[in-house]
Amino acid sequence: MLIRSEAPADLVKLDRWWRDDIIRPYQADQLKQWREAGLISLSLLATSDMGEVQGHIVVIDAQMDNNSQEIALWHSPDPDLLMPLLNEAESTLFEFGYTQLKIMPSAEAARAEFAPIQANDTWWYKQLAAATA
Numbered sequence: 109m110l111i112r113s114e115a116p117a118d119l120v121k122l123d124r125w126w127r128d129d130i131i132r133p134y135q136a137d138q139l140k141q142w143r144e145a146g147l148i149s150l151s152l153l154a155t156s157d158m159g160e161v162q163g164h165i166v167v168i169d170a171q172m173d174n175n176s177q178e179i180a181l182w183h184s185p186d187p188d189l190l191m192p193l194l195n196e197a198e199s200t201l202f203e204f205g206y207t208q209l210k211i212m213p214s215a216e217a218a219r220a221e222f223a224p225i226q227a228n229d230t231w232w233y234k235q236l237a238a239a240t241a
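Note that the sequence shown covers residues 109 to 241 in my numbering.
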């Protein structure tokens, strides 16, 4: 498995993956809109040795004044790929100078150590730090 940045040659493959393999056409449409609007800060793929998409994470600008980025899509049919995708995204965003990620609450977000800042928060957050070996 390889985790890498999305390339222009991946657009059709990703659209087909979201629509046909994952059966989430709404996400495919949303992804296209974000691309066209230039909102995507980072898009990473997990691919097999044969180049087949196995997971995808998309981060967009959270439109906040605290230098936050929002995990907009984060999916893999293989749950063992979710954390490596997130770890790579966190490391890359930290290198880009971002300080915080936000995500909608979920079991995966809790396992990834996201948490609300205040008890009534709609979003969960995670401070970014340098990766440790």
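Think of the CB as a built atom: it goes at the ideal place given N, C-alpha and C, for glycine as much as any other residue.
{"Item": "What do you get for Ala241, buried or exposed, if any count of 16 or more other CB atoms within 10 angstroms of its CB means buried?", "Value": "Bear in mind that the predicted position of Ala241 carries a pLDDT of just 47, short of 50, making it unreliable; the figure below should be weighed with that in mind. Looking at its Cβ environment, which holds fewer than 16 other Cβ atoms inside 10 Å, Ala241 is exposed."}
{"Item": "Note the first and the last residue of the continuous alpha helix (DSSP H) segment covering Ala170.", "Value": "That residue, Ala170, is in no alpha helix (DSSP H); it is neither H nor E in DSSP."}
{"Item": "For the candidate residues Ala180, Leu189, Met158, whose alpha-carbon lies nearest to that of Val166?", "Value": "Ala180"}
{"Item": "If Leu152 and Ile111 are in contact, beta carbons under 8 Å, what's the gap, nearest whole angstrom?", "Value": "6 Å"}
{"Item": "How many Å lie between Val161 and Asp186 at the Cα?", "Value": "11 Å"}
{"Item": "Hey, quick one: how far does the alpha helix (DSSP H) through Gln135 stretch, first residue to last?", "Value": "133–145"}
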